[in-house]
Amino acid sequence: MSIDYDAVIPNNVDLASDKRLQRALQTWQPSFLSWWQDMGPEGFQADDVYLRTAVSTEPGGWAQFGYVKMPDYRWGIFLADAVNDRRIGFGDHMGEPVWQEVPGEYRNVLQRIIVTQADTEPASVEQQRHLGATAPSLYDLRNLFQVNVEEGRHLWAMVYLLHGFFGRDGRDEADALLERRAGDVDNPRILDAFNQACPDWLTFFCFTTFTDRDGKYQLAALAESAFDPLSRTCRFMLTEEAHHLSVGEDGVKRVLLRAVELEREAPDGDVRAVGGIDLATIQKYVTYWFSYSLDLFGSEISSNAADFFASGVKGRYREDHEWTDHVALDTVERLPVMEDGRLVYREVPTRNAMNELLRAAYVQDSERVLKRWNRALEEAGTDFRLSLPSTRFFRRQGIYAGQHFDREGQPISAAAWEAQRDSWLPTAEDRAYVASLMHAVTEPGKMAHWIAPPSRGIDKQPVEFEYVRKA
Ligand code: BYC
Ligand code: FE
Ligand code: FE
68 MSIDYDAVIP NNVDLASDKR LQRALQTWQP SFLSWWQDMG PEGFQADDVY LRTAVSTEPG
128 GWAQFGYVKM PDYRWGIFLA DAVNDRRIGF GDHMGEPVWQ EVPGEYRNVL QRIIVTQADT
188 EPASVEQQRH LGATAPSLYD LRNLFQVNVE EGRHLWAMVY LLHGFFGRDG RDEADALLER
248 RAGDVDNPRI LDAFNQACPD WLTFFCFTTF TDRDGKYQLA ALAESAFDPL SRTCRFMLTE
308 EAHHLSVGED GVKRVLLRAV ELEREAPDGD VRAVGGIDLA TIQKYVTYWF SYSLDLFGSE
368 ISSNAADFFA SGVKGRYRED HEWTDHVALD TVERLPVMED GRLVYREVPT RNAMNELLRA
428 AYVQDSERVL KRWNRALEEA GTDFRLSLPS TRFFRRQGIY AGQHFDREGQ PISAAAWEAQ
488 RDSWLPTAED RAYVASLMHA VTEPGKMAHW IAPPSRGIDK QPVEFEYVRK A
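Numbering (the numbering used here), first residue to last: 68 to 538.
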């Protein structure tokens, strides 16, 4: 179905024919806009930003670029096309037709998952709202805002499901999504990575590399869902997500390349002495955000995850392509668990290890990113290489939480942890140093001292294009 762009809420779900839903969403819309004014990008609401807007859900030509003031962005409801005669692909209902309505027995779990997914979207906008003031270039400023408006659209995508399929409860949850606040001690966001501060651009690039990548894997698992409207919603969100990941990966790469350049210019190779971010500090930020994002997959051993899979609510990554046994009832996974202070392998029913299987796919994907960064370092002529810590390192959720492991994942004492922690994770001093470099660069084509320029601009525009025009 084509997108109705004349409607108050652009959509391809034929909203015009469902007056009740349309009214409910049009009532929520002013609350969303007022949240965006209060909690969205601070200081840039009146400026013209060169943004892409979704105009179709066809792969390929789905986006259109042009100057838009952010509050005028056409946030809408776009589902990927329905798959003809789609069947449930895994779990206890394998082979049955997918659901177009919410089955009563799965209403609570589905609602909880959708609310959790929804909550992360506005949370990330709140976390990033002050970054515009210190953007290293107009190119980066525009990318930040592109990510922000699309996370706003992801919120719309989930609110459509809540309003359309969960009645009164869904409407209440949609309101609550605009009331929780990232980092607020009294009314925080649901998942802990979304309550962390995002005070500087190195953090932003690590967040979009590793935390948005959790989004990619969670959305892919939900795209397998037996609840077809959720599946179609997530499939379209994934096309937008790819850009967020590239903003992160390319951003970190540009900071790395600049560090190598400055290392050569600096007396004694001291990058900080010449105003750059040194490679060791970049490694610490990578370690921190990778570990924080691992927590977002939930516990390694989880009866919730087993129930999600059994009911058909949430599948594995590319369930159809990467797995042959889609029922997973008679198999086990071997996981290292802590017993009496030692790591031992224990067998866990596969269904209870679903979070760990999704996390493993995520780790593999993250390793591919590290490989690309390391290739760039090699080409730049340095011996320095980045690495990811063990999945047991610095965890706050799941079976390794509350214990100490070194970067290789070996159990260590609290004292050994204290002694080495500052060499593994950003210290207050590291953060203060990175913060001291953050100053806005607003001349088109110019870059902050600590970051290399991108290799190309956006939508075939040159790097020196005026991506954000001051009002
Ligand atoms: N922080 O069995 P467990 C994105 C809770 S990112 C705090 O271990 P389960 C984006 C858990 O809720 C993608 N609490 O976990 C990225 C449960 O609480 P209750 C977001 C946590 O349920 C960047 C308890 O611990 N999407 O889109 O199997 C920018 C034990 O649960 C955490 C989704 O998350 C944590 N890290 O799985 C913008 C998909 N981890 O029930 C956007 C939907 C666990 O005891 N969510 N807990 O009160 C899910 O599928 C599941 O909720 C989870 C957890 C995978 C998150
Ligand atoms: Fe998102
Ligand atoms: Fe994202």
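Beta carbons are placed, not taken as given, at the ideal position from N, Cα and C, and that holds for glycine.
Do the region 299-314 and the region 264-279 touch if we need at least three Cβ pairs shorter than 8 Å?
yes
According to DSSP, simplified to helix, strand and coil, what is residue 127?
Along the sequence shown, read from residue 1 onward, the residue named residue 127 stands at position 60. Coil.
Can you give the beta carbon distance from residue 295 to residue 182, rounded, assuming they're within the 8 Å contact cut?
Taking the first residue of the sequence shown as 1, we reach residue 295 at position 228. Taking the first residue of the sequence shown as 1, we reach residue 182 at position 115. Rounded, the Cβ-Cβ distance is 19 Å, inconsistent with contact.
Determine the contact status of residue 30 and residue 455, defining contact as a CB-CB distance below 8 Å.
No statement about residue 30 is possible, as the shown extent of the chain runs from 68 to 538 and does not include it.
With distance defined between alpha-carbon atoms, name the residue in 115, 457, 111 and 119 nearest to residue 527.
If you number the sequence shown from 1, residue 527 lands on position 460. Comparing Cα-Cα distances from residue 527 to each of 115, 457, 111 and 119, the minimum goes to 119.
According to the Cβ coordinates, are residue 382 and residue 292 closer than 8 Å?
On the sequence shown, position 315 is the one that residue 382 refers to. On the sequence shown, position 225 is the one that residue 292 refers to. Yes, the pair counts as a contact, with Cβ atoms nearer than the cut-off.
Residues surrounding ligand 3 [beta-carbon distance to nearest heavy atom under 6 Å]
218, 279, 282, 308 and 311
Taking 7 Å as the cut-off, is the C-beta of residue 344 nearer than that to any heavy atom in ligand 1?
Within the sequence shown, residue 344 is the residue found at index 277, counting from 1. Flag unset: Cβ of residue 344 not near ligand 1.
Smallest Cα separation from residue 161: which of 394, 476, 344 and 111?
Within the sequence shown, numbered from 1, the residue matching residue 161 stands at position 94. Closest by alpha carbon: 394.
Is residue 406 helix, strand or coil by DSSP?
Your numbering for residue 406 matches position 339 in the sequence shown. DSSP places residue 406 in strand when its eight states are reduced to three.
I'd like the span of the alpha helix (DSSP H) that includes residue 115, first residue to last.
Here the question's residue 115 lines up with position 48 in the sequence shown. Where residue 115 is concerned, there is no enclosing alpha helix (DSSP H), although the beta strand (DSSP E) it sits in stretches over 115-121.
Which class does residue 254 belong to by DSSP, given the choice of helix, strand or coil?
Start at 1 with the first residue of the sequence shown, and residue 254 comes out as number 187. Coil at residue 254, not helix or strand.
Assign residue 493 to one of two classes, buried (16 or more other C-beta atoms within 10 Å of its C-beta) or exposed (fewer than that).
Along the sequence shown, read from residue 1 onward, the residue named residue 493 stands at position 426. Classification for residue 493: buried.
Are the CB atoms of residue 232 and residue 168 within a distance shorter than 8 Å?
In the sequence shown, counting from the first residue as 1, residue 168 sits at position 101. In the sequence shown, counting from the first residue as 1, residue 232 sits at position 165. It is a contact, given that the beta carbons lie within the stated cut-off.
Over what stretch of residues does the alpha helix (DSSP H) that includes residue 221 continue unbroken?
Within the sequence shown, the letter at position 154 stands for residue 221. Unbroken alpha helix (DSSP H) run through residue 221: 205-232.
Return helix, strand or coil for residue 414, following the three-state DSSP convention.
In the sequence shown, counting from the first residue as 1, residue 414 sits at position 347. Of the three classes helix, strand and coil, the one that applies to residue 414 here is strand, per DSSP.
Given 7 Å as the limit, tell me if residue 188 has its C-beta closer than that to any heavy atom belonging to ligand 2.
For the purposes of this step, residue 188 is taken as the residue at position 121 of the sequence shown. Residue 188: yes, Cβ under 7 Å from ligand 2.
Tell me the DSSP bridge mates of residue 529?
By one-based count along the sequence shown, residue 529 stands at place 462. Answer is none; residue 529 lacks a bridge partner.
For residue 537, tell me which candidate among 298, 336, 401 and 111 has the shortest Cα-Cα distance.
For the purposes of this step, residue 537 is identified with residue 470 of the sequence shown, where counting begins at 1. Taking only the C-alpha atoms, the option nearest residue 537 is 111.
Using the Cα positions of residue 502 and residue 402, report the straight-line distance between them to the nearest angstrom.
In the sequence shown, residue 502 corresponds to position 435, counting from 1. In the sequence shown, residue 402 corresponds to position 335, counting from 1. Straight-line Cα distance between these residues: approximately 40 Å.
The alpha helix (DSSP H) enclosing residue 315, as first and last residue numbers
Mapped onto the sequence shown, residue 315 falls at position 248. First-last of the alpha helix (DSSP H) with residue 315: 295-332.
Can you find the residues in the same chain that come closer than 6 Å, C-beta to C-beta, to residue 283, ignoring five residues on each side of it along the sequence?
Looking up residue 283 in the sequence shown gives position 216. Excluding positions up to five away in sequence, the list reads 308.
With hydrogens ignored, establish whether the beta-carbon of residue 237 is closer than 7 Å to any heavy atom of ligand 1.
Residue 237 sits at position 170 when you count from the first residue of the sequence shown. Incorrect: residue 237 has no Cβ contact closer than 7 Å to ligand 1.
I'd like the list of long-range same chain contacts for residue 129, defined as Cβ closer than 8 Å, with 5 residues on each side in sequence excluded.
Sequence index remark: in the sequence shown, residue 129 carries index 62 (1-based). Cβ within range, chain order: 121, 122, 123 and 306.
Considering Cα atoms alone, identify which of 499, 215 and 106 is closest to residue 348.
For this step, residue 348 is matched to residue 281 along the sequence shown. Nearest C-alpha to residue 348: 499.
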